[in-house]
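Note that this note's numbering has the sequence shown beginning at 7, numbered continuously upward.
Note that CB positions come from ideal geometry on N, CA and C, so glycine has one too.
Model, not experiment: these values are computed from the prediction.
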Amino acid sequence: MSAVTAESATTATDLDDGLRFRLGGRRAFAVWLTAIAIYVLAVFHRTSLGVAGIIAADRFGISSAQLATFAMVQLAVYAAMQIPVGALLDRFGSRVMLGAGLLTMSSAQLAFAFVESYAGGIVARIFVGMGDAMVFVSVLRLVALWFPPARVPMVTQVTGLLGQLGALVSAGPLAYALKELGWTTSFLAASVAGAVLAIALAVVVLDSPYREHERTELKMRAVGRAVRLAWRQPGTRLGLWCHFTTQFSSNVFAIMWGFPFLTAGQGLSTAQASTLLGLMVVTAICASPVFGVYITRYPYSRSTLVLGLVVAIMAVWGAVLLWPGRAPMWLLVLLVVITAAGGPGSMIGFDLARTFNPSNRIGSATGIVNVGGFAAALGTVVLIGVVLDHVAPGGPSTYTVDSFRWAMAVQYLVWVTGLVMIVRYRRRTRSVVHSDEAYAHLVPARLADRARP
């Protein structure tokens with residue numbers, strides 16, 4: 007699905023008079039790489055508790071359900087902050103919001119390093135989620151402003167790809183540090199990393215390469231108007247539902263239920279399950295540039311790629327859940343690979359938001375889209391837990407393959423809802439594309455004659 011706006015279609019050459027720095031030039035890459043480093047740190051903070059889970063349970067003296075609450079609270083705060091953060095981003099710009107995110111995350115990790123009560127830990131994770139919420143949308147706004155429109159889809163995909171390094175760092179170096187240096191020193195070092203990146207942010211990052219850049223007023227009426235205008239765009243809502251439908255399953259699997267499903271449900275060893283979870287990261291890294299090339303060459307068909315991807319994820323999950331007994335290893339590998347592809351696939355939602363909104367509303371539109379996948383993941387995490395409690399009331403020790411067969415099937419409620427909404431807003435968005443001359447150059451030639459009088 008889609009197209010780009012008239013603003014996005016403008017070339018760097020046309021805007022030379024208003025540029026301080028060349029789009030896609032050396033300064034653009036310096037800004038982008040600095041922002042990427044902050045995003046990697048944010049992903050590290052987001053996933054760090056997954057590595058430290060067992061130690062955290064001992065440190066705080068909590069049950070598995072209480073431990074899961076850490077992740078659920080963090081996800082809930084992240085999702086709830088997206089629209090407010092988007093509105094603030096349109097007013098203050100990426101530089102200020104990245105700085106606020108760094109400060110919030112680093113302070114929260116510093117507190118987490120020393121706190122010893124469960125309640126204190128929850129508060130710290132809330133602030134980690136708040137700081138994390140400010141980072142990704144800010145990075146995407148920099149990408150949209152600092153690179154030529156034709157390169158933005160690929161750079162966006164690579165941004166998501168490089169963010170996966172944060173998950174690898176938490177899985178490797180943090181695990182080693184926790185074992186060798188202990189809890190306090192490890193999380194203290196993570197907090198200090200934020201201070202180092204804050205210096206780089208102050209020195210390198212500028213909000214825009216343009217001499218003058220429009221920002222929205224920070225008034226409740228103006229903020230509300232920006233969000234409403236972004237929401238009215240069918241392309242924004244299409245992006246929301248694309249993100250909602252593609253991302254949630256990989257998040258649910260990686261953050262909460264994948265490991266129990268593979269070990270308690272499928273009978274894999276801890277080492278085998280960990281390897282498959284690591285394969286998800288590798289798959290996301292490999293899929294990102296492939297998707298980037300596709301949506302750059304075929305921007306009109308972005309939602310077609312999303313629909314195909316979701317159908318593939320549904321199909322492989324259906325094969326695993328309907329397989330008599332435990333699924334063979336080859337099928338579980340296929341499950342992990344296809345499910346993981348939903349992560350980079352969800353980035354298409356952000357490209358749609360960029361396409362149909364001017365630069366002074368990118369933050370609001372991106373925030374709206376980013377709510378989708380995380381809200382869906384949070385709801386699905388809870389639903390799976392409710393079903394497991396019903397079919398296996400004895401707790402984790404009583405989980406079986408049949409328990410997870412019923413529990414993981416609740417994902418189909420989310421997929422079907424998402425597919426219906428994608429088809430609905432894809433139709434509306436294409437209607438806009440075919441009726442507005444600003445998008446004419448992106449309508450495939452085979453359709454242009456049929457779509458226009």
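| query | result |
| --- | --- |
| Residues near residue 114 in its chain [Cβ-Cβ closer than 6 Å; skip 5 each side] | 130, 133, 134 |
| Inter-residue spacing [alpha-carbon to alpha-carbon] between residue 429 and residue 405 | 37 Å |
| Rounded separation between residue 281 and residue 232 - CA only | 44 Å |
| Residue of 104, 403, 79, 64 minimising C-alpha distance to residue 270 | 403 |
| Of the residues 383, 354, 288, the one placed nearest residue 298, counting alpha carbons only | 354 |
| Buried/exposed call for residue 336, threshold 16 Cβ in 10 Å | exposed |
| Segment limits, alpha helix (DSSP H) that includes residue 111 | 100-120 |
| Rounded separation between residue 97 and residue 365 - CA only | 11 Å |
| Cβ neighbour criterion (16 or more within 10 Å) applied to residue 241 | buried |
| Residue burial classification, residue 69 (beta-carbon count within 10 angstroms, cutoff 16) | exposed |
| 4-residue-minimum alpha helix (DSSP H) runs that sit fully inside the stretch 130-207, ordered along the chain | 142-152, 158-175, 181-186 |
| For residue 25, three-class secondary structure by DSSP | strand |
| CB of residue 41 within 7 Å of CB of residue 368, strictly | no |
| Proximity below 7 Å, CB of residue 100 to CB of residue 213 | yes |
| Residue closest to residue 103, alpha-carbon to alpha-carbon, out of 188, 208, 154 | 208 |
| Nonlocal neighbours in the same chain, by C-beta distance under 8 Å from residue 180, ignoring five residues either side | 50, 54, 57, 58, 192, 196 |
| Which of helix, strand or coil DSSP assigns to residue 300 | helix |
| Residue nearest to residue 325 in terms of C-alpha spacing, selected from 315, 313, 316, 338 | 338 |
| Residue 405 (DSSP reduced to helix, strand or coil) | coil |
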